[in-house]
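Below is one structure, written out as structure tokens, with a few remarks after it.
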Amino acid sequence: MERPPVLIVNYKTYNTGIGRQGLEIAKGAEHISRDYNVEIMLAVPYTMIPVLSGSVSIPILAQHVDPLEPGRGTGFVTVEAIRDAGAKGSLINHSEHRVTLADAQIAIKRLKESGLLSVGCGDTPEAAGSIGLLGADIIAVEPPELIGTGISVSKAKPEVVTAAIALIKERLQLNVPVLVGAGITHKDDARRSIELGADGILVASAVMKAEDPVGKIKELAEGLIGKA
């Protein structure tokens, strides 16, 4: 069976992503995921992981996890901590929280050992491919200069999308979903991403800064499945 398109919403640290509003977005996303057959995941602040994982069935992800064993490490977050909180996985190497390849490798390995997903991020096709070779379950390509601009990578830099697909799926032969992000804002942006060969999208400000965040998730989901 063909895997449904993937939509990851990154709450980042927007005020809309905490408290009751963050929960309302998650519940709306859960309904949309079921109604549109789109695999929606939410990457949320650590404090929201137990709140949301206990309230909705869609996967809740951490936005970052450190490559540390439990013990000493003040201010760091372990795989065990996010798993206990209810997370189903974590982003790794987002452009706003970069890590070395060595640390990414350890984090991905520890996530796998705990039965959790890793979403490896790269700012170029080559960087994304490197993360993919470390064993990431999902790969996301996001040119940082377009993040938060409202200028979609699928329109402004379609060559980034096609190059990432060619490198990851054809040259490296990695059988994992490849997502694109940065500036994805409208239904047409999501649709174009799929047409270019991506398996889904990673978004943040388009949803979290929208007047109607749930309505924006619905719009993007419609774009992913090609609904007019």
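Everything in the sequence shown is counted per our numbering, starting at 789 for the first residue and increasing by one.
Note that CB positions come from ideal geometry on N, CA and C, so glycine has one too.
query: Quick one: what's T906 bridged to in DSSP?; result: Checking the sequence shown, residue 906 turns out to be Ser, not Thr. According to DSSP, which records beta bridges pairwise, S906 is partnered with S878.
query: Can you give the Cα-Cα distance for V1002 and G985, rounded to whole angstroms?; result: 26 Å
query: What did DSSP end up calling E803 once you bin it into helix, strand or coil?; result: Here residue 803 is Asn; the residue named in the question, Glu, does not match the sequence. DSSP places N803 in helix when its eight states are reduced to three.
query: Roughly how many angstroms lie between the CA atoms of K897 and L856, to the nearest whole one?; result: 11 Å
query: Among L899, V964, Y799 and K945, whose alpha-carbon lies nearest the alpha-carbon of A928?; result: V964
query: Can you give the Cα-Cα distance for G1014 and Q809, rounded to whole angstroms?; result: 28 Å
query: Near T801, what residues of its chain come up, given a Cβ to Cβ distance below 7 Å and the 5 sequence neighbours on each side ignored?; result: P833
query: May I have a chain-ordered list of the alpha helix (DSSP H) segments no shorter than 4 residues that lie completely inside the stretch 807–845?; result: 807–824 and 837–841
query: According to DSSP, simplified to helix, strand and coil, what is L967?; result: strand
query: Do you know how far the Cα of H885 is from the Cα of D911?; result: 12 Å
query: Does G807 pass the burial test, meaning 16 or more other C-beta atoms within 10 Å, or should it be called exposed?; result: exposed
query: Do three or more CB pairs link the stretch 865–878 to the stretch 947–957 at distances below 8 Å?; result: no
query: How would you call A890, buried or exposed, if buried means at least 16 neighbouring beta carbons within 10 angstroms?; result: exposed
query: For E914, which of L905, V907 and P931 has the nearest alpha-carbon?; result: P931
query: Can you have a look at D1000 and say buried or exposed, based on whether 16 or more other CB atoms are within 10 angstroms of its CB?; result: exposed
query: With respect to the alpha helix (DSSP H) encompassing V867, which residues constitute its N-terminal and C-terminal limits?; result: V867 to A873
query: If A831 and I1005 are in contact, beta carbons under 8 Å, what's the gap, nearest whole angstrom?; result: About 14 Å; that fails the 8 Å criterion.
query: Just list the residues that DSSP pairs V797 with in beta bridges.; result: L830 and V991
query: For V865, which residues in the same chain have their Cβ closer than 8 Å to its Cβ, ignoring the five residues on either side in sequence?; result: Y834, A850, H852, V853 and D854
query: Alpha carbons only, please: which of G920, G923 and C909 is nearest the one belonging to I796?; result: C909
query: Mark Q961 as exposed unless 16 or more other C-beta atoms lie within 10 angstroms of its C-beta, in which case mark it buried.; result: exposed
query: Just how far apart, CA to CA, sit V995 and S841?; result: 20 Å
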